[in-house]
Amino acid sequence: MMQKTTFKLGMVATAMVLAMGSAQAASMRWAGANDILTIDPHAQNHQTTHAFLQQIYESLVRYDGKYQTEPALATKWTQISPTQVRFELRKGVKFHDGAPFTADDVVFSLTRAGTAPSNMMSSVQSVKEVKKVDDHTVDLILKGPNPILLRELTEARIMNKAWAEKHNSLKSQDYAGKEESYASRNANGTGPFSLVAWQPDQKLTLKKNPNWWDKPKGNIDEVVFTPIKSAATRSAALISGQVDFVVDPPPQDLARMKADSNLKLIEGAENRTIYLGLDQFRDELPGSGVAGKNPLKDKRVRQALYQAIDSAGLHSRTMRNLSVPAGVMVAPMVHGWSKQLDERAAKYDVEAAKKLLADAGYPQGFTLKLDCPNDRYVNDEAICQAVTAMWTRIGVKTNLQTAPMAQFVSRVMNNEVSAYLFGWGVATFDALYTLDSLMSTKDGKTAAGVYNGGRFSDPKLDAMIQQIKVEMDTPKRDALIHDALKLTKDEYYYLPLHHQIRPWAMQKNVDTVHRADDRPMPAWTTIK
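Note that the working numbering has the sequence shown beginning at 129, numbered continuously upward.
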């Protein structure tokens, strides 16, 4: 009989977080360039959306201040066998509408997260079945052993089953299909804040949940988020005192903000890599001027586009040094990263890029459309403008099309792009999250390749990723991750640009903790 192993973690308060003390309750006026995409917790794997949904909805486990998993809606978990894990649920927890939290909600929510059209299948990708043992116990039956199950579950948010049934929201919103549902505009979670109202592209308001099972470490009783796309307007709102906190201050205004005695900045590396994706699926590239061919299917063309990019110039001029030039598709704090892998695959060389194009049969180049968001990443539109000029310089006549993230992401998910700029943060802090979502062959049914916008397919890479999912021997698993990341790099399946550094700017009376996942925590924030 297999020996049982029990994992039990106490609730650990991070020393980084300031205690509430005697500070009076305060409203946190928060601004950022882009709005959330939906309120449905399983509809979109989008960082800004997650940043707010994790205030409303909770998971069985969560991260502490050092990104280690700790109990949340589950208090204990026991490994019954390599493919069976038992979770004991927290008793006495209430949803925002007063309904009790039970095992039925867990079974419903995890099943919903893993069922199309959910965009959060990655959070339960290894779960075969969720079984109710009793009202406060569930068993997760796995498809195979999973070395990072708990990290994946941090994104599997729990809804109230009865509420979803009442409001015809049994399935996740089909965001890519432009569906609207009750759950996409309304919420009922167990988290530290509840939803008051959301007016897309205007304002999102949360209020403190007085019945939260945990205790906040700050004094915020209301969060008012205002999306402000214009960089100048966003900076002006902070400098004039109209908002307390800006999650994405424009790099060109940072020096001015640092010199302002009423403001302060905290910055740190984000677990996000900014990259360019390329259509490697269609046999003919739309609008390329090359009949019957898709130049991006040729590795030499992809390498040419890579070598045409002046990454040092992007770092110093476009990003004003708020980036780390990247050679691999995961950031340094992600498990699987190495310094060797992160060295650029090939040096910036315009002439070498032109020769590669000629060798591939395109001495006169071709025409390419580059799609980019203009309100999501640090200097996203400016990056794309620079890349457009660099590619045009080698004969790839590049036309830039920009759009707000809400429109842009639908184009990527619906495979309507030829070349595109994207950023990928790693919720699990493990490279499998990137490999499976971005590099697996896209099947449209599971989490595999859900954000593989170029739709390339490499059976050798697929086999590696499947083995990484179940390999419990750490050295063997790490070697597989290294080989998979190296293969992706060597084939130029993606063109990594840089790992993002994210400064947060705020009024000087705001105390909070910078997060590498770019998700501010109002429950950890104090405004004096």
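Don't be surprised by glycine CBs; every beta carbon is placed ideally from N, CA and C.
Cα-Cα separation, Lys-636 to Asp-470: Locating residue 636 in the sequence shown gives position 508, counting from the first residue. Locating residue 470 in the sequence shown gives position 342, counting from the first residue. Within the model, the alpha-carbon separation for Lys-636 versus Asp-470 is close to 36 Å.
Give the straight-line distance between the Cα atoms of Arg-472 and Val-456, rounded to the nearest whole angstrom. Looking up residue 472 in the sequence shown gives position 344. Looking up residue 456 in the sequence shown gives position 328. So the alpha carbons of these two residues sit roughly 8 Å apart.
Using only alpha-carbon positions, find the residue among Trp-652, Ala-161, Arg-539 that is nearest to Pro-328. As a working note, residue 328 is residue 200 in the sequence shown. When each option's Cα is compared against that of Pro-328, the closest is Ala-161.
Sort out for me which residues DSSP pairs Leu-393 with in a bridge. Locating residue 393 in the sequence shown gives position 265, counting from the first residue. BP columns for Leu-393 point to Ala-633.
Express the C-alpha separation of Gln-628 and Pro-273 in angstroms, rounding to a whole number. Reading the sequence shown from its first residue, position 145 is the one you call residue 273. Reading the sequence shown from its first residue, position 500 is the one you call residue 628. Their backbone Cα atoms lie some 33 Å apart in a straight line.
Go through its chain and collect everything with a Cβ distance to Asp-590's Cβ below 7 Å, but skip five positions before and after it. As a working note, residue 590 is residue 462 in the sequence shown. Hits under 7 Å: Ser-568, Thr-569.
Cut-off 8 Å between Cβ atoms - residues of its own chain near Leu-165, not counting five sequence neighbours on either side: Position 37 of the sequence shown holds residue 165. Correct list, in chain order: Ala-171, Gln-172, His-174, Thr-176, Thr-177, Tyr-303, Met-533, Ala-534, Val-537.
List the DSSP bridge partners of Val-506. For the purposes of this step, residue 506 is identified with residue 378 of the sequence shown, where counting begins at 1. Answer is none; Val-506 lacks a bridge partner.
If we count the other Cβ atoms within 10 Å of its Cβ and call it buried at 16 or more, is Val-515 buried or exposed? The residue given as residue 515 occupies position 387 in the sequence shown. By the 10 Å Cβ count, Val-515 comes out buried.
Can you give me the C-alpha to C-alpha distance between Val-119 and Thr-654, rounded to a whole angstrom? Within the shown structure, residues of the chain are numbered from 129 to 656, placing residue 119 beyond reach of any answer.
Runs of beta strand (DSSP E) wholly within the segment 211-262 (minimum 3 residues, chain order): 212-217, 255-262
Any idea what DSSP makes of Leu-413, helix, strand or coil? On the sequence shown, position 285 is the one that residue 413 refers to. If DSSP states are grouped into helix, strand and coil, Leu-413 belongs with coil.
DSSP bridge partner residues for Glu-326 (one or two, in chain order): Mapped onto the sequence shown, residue 326 falls at position 198. Note on residue identity: the sequence assigns Trp, not Glu, to residue 326. In DSSP, Trp-326 forms a bridge with Leu-332.
Does the Cβ-Cβ distance between Tyr-403 and Tyr-622 come in under 8 Å? Locating residue 403 in the sequence shown gives position 275, counting from the first residue. Locating residue 622 in the sequence shown gives position 494, counting from the first residue. In this structure, Tyr-622 lies closer than 8 Å to Tyr-403 by Cβ.
Roughly how many whole angstroms lie between the Cα atoms of Leu-608 and Ala-575? On the sequence shown, position 480 is the one that residue 608 refers to. On the sequence shown, position 447 is the one that residue 575 refers to. Their Cα atoms are separated by approximately 20 Å.
Distance, Cα to Cα, Lys-475 vs Ile-356? Taking the sequence shown and counting its residues from 1, the one referred to as residue 475 is at position 347. Taking the sequence shown and counting its residues from 1, the one referred to as residue 356 is at position 228. The alpha-carbon atoms of Lys-475 and Ile-356 are separated by roughly 37 Å.
In angstroms with no decimal places, state the Cα-to-Cα distance between Gly-464 and Thr-197. Translated into positions along the sequence shown, residue 464 becomes position 336. Translated into positions along the sequence shown, residue 197 becomes position 69. Cα to Cα, Gly-464 sits roughly 18 Å from Thr-197.
Applying the 10 Å Cβ sphere with the 16-neighbour rule, what's the burial state of Glu-734? No statement about residue 734 is possible, as the shown extent of the chain runs from 129 to 656 and does not include it.
Which same chain residues end up closer than 7 Å to Val-478 when comparing Cβ atoms and leaving out the 5 residues on each side of it in sequence? Here the question's residue 478 lines up with position 350 in the sequence shown. Ala-436, Arg-521, Ile-522.
Select from Met-156, Gly-553, Leu-277, Ile-286 the residue whose C-alpha is nearest the C-alpha of Leu-332. In the sequence shown, the residue the question calls residue 332 occupies position 204. Of the candidates Met-156, Gly-553, Leu-277, Ile-286, the one whose C-alpha sits nearest the C-alpha of Leu-332 is Met-156.
Do you know offhand how far Lys-306's Cα is from Gly-242's? Position 178 of the sequence shown, counted from the start, is the residue given in the question as residue 306. Position 114 of the sequence shown, counted from the start, is the residue given in the question as residue 242. For Lys-306 and Gly-242, the distance between alpha carbons rounds to 20 Å.
Verify whether the separation of the beta carbon atoms of Ala-231 and Asp-192 is less than 8 Å. On the sequence shown, position 103 is the one that residue 231 refers to. On the sequence shown, position 64 is the one that residue 192 refers to. No.
Three-state secondary structure (DSSP) at His-443? In the sequence shown, the residue the question calls residue 443 occupies position 315. DSSP places His-443 in helix when its eight states are reduced to three.
Report the CB separation of Ile-511 from Thr-446 in whole angstroms; it is logged as a contact under 8 Å. Counting from 1 along the sequence shown, the entry for residue 511 is found at position 383. Counting from 1 along the sequence shown, the entry for residue 446 is found at position 318. Between Thr-446 and Ile-511 the Cβ distance is about 6 Å, and since that is below 8 Å, they are a contact.
Can you tell which of Asn-314, Asp-438, Asp-606, Asn-507 has the C-alpha that lies nearest to the C-alpha of Ala-360? Start at 1 with the first residue of the sequence shown, and residue 360 comes out as number 232. Comparing Cα-Cα distances from Ala-360 to each of Asn-314, Asp-438, Asp-606, Asn-507, the minimum goes to Asn-507.
What do you get for Thr-640, buried or exposed, if any count of 16 or more other CB atoms within 10 angstroms of its CB means buried? Against the sequence shown, residue 640 aligns to sequence position 512. Buried is the call here.
Does DSSP classify Val-578 as helix, strand or coil? To locate residue 578, count along the sequence shown from 1; it is residue 450. Annotated three-state conformation of Val-578 is coil, per DSSP.
Could you compute how far the alpha carbon of Ile-394 sits from the alpha carbon of Asp-267? Against the sequence shown, residue 394 aligns to sequence position 266. Against the sequence shown, residue 267 aligns to sequence position 139. Approximately 41 Å between the Cα atoms of the pair.
Rounding to the nearest angstrom, what Cα-Cα distance links Ala-633 and Val-545 in this structure? Numbered from its first residue, the sequence shown carries residue 633 at position 505. Numbered from its first residue, the sequence shown carries residue 545 at position 417. For Ala-633 and Val-545, the distance between alpha carbons rounds to 34 Å.
Helix, strand or coil for Ala-481? Go by DSSP, reduced to three states. The residue you call residue 481 lines up with position 353 of the sequence shown. Here Ala-481 sits in helix by DSSP.
Taking buried to mean at least 16 other C-beta atoms within 10 Å of its own C-beta, is Pro-624 buried or exposed? Your numbering for residue 624 matches position 496 in the sequence shown. Buried, because 16 or more other Cβ atoms sit within 10 Å of the Cβ of Pro-624.
For Trp-652, does the three-state DSSP call read helix, strand or coil? The residue given as residue 652 occupies position 524 in the sequence shown. Correct three-state label for Trp-652: helix.
When you compare only the Cα positions, how much space is there between Phe-557 and Met-385? By 1-based counting over the sequence shown, the position of residue 557 is 429. By 1-based counting over the sequence shown, the position of residue 385 is 257. Near 31 Å, if we compare the C-alpha coordinates of Met-385 and Phe-557.
Cβ pair Gln-330, Pro-650 closer than 8 Å: Counted from its first residue, the sequence shown places residue 330 at position 202. Counted from its first residue, the sequence shown places residue 650 at position 522. No, these two residues do not count as a Cβ contact at 8 Å.
Which same chain residues, not among the five before or five after Ser-150, have their C-beta less than 8 Å away from its C-beta? Numbered from 1 along the sequence shown, position 22 holds the residue referred to as residue 150. Its pLDDT being 44, under 50, Ser-150 is placed unreliably in this model, and the coordinates cannot settle the point.
Do Asp-233 and Asn-288 have their beta-carbon atoms positioned less than 8 Å apart in this structure? Along the sequence shown, read from residue 1 onward, the residue named residue 288 stands at position 160. Along the sequence shown, read from residue 1 onward, the residue named residue 233 stands at position 105. In this structure, Asp-233 lies closer than 8 Å to Asn-288 by Cβ.
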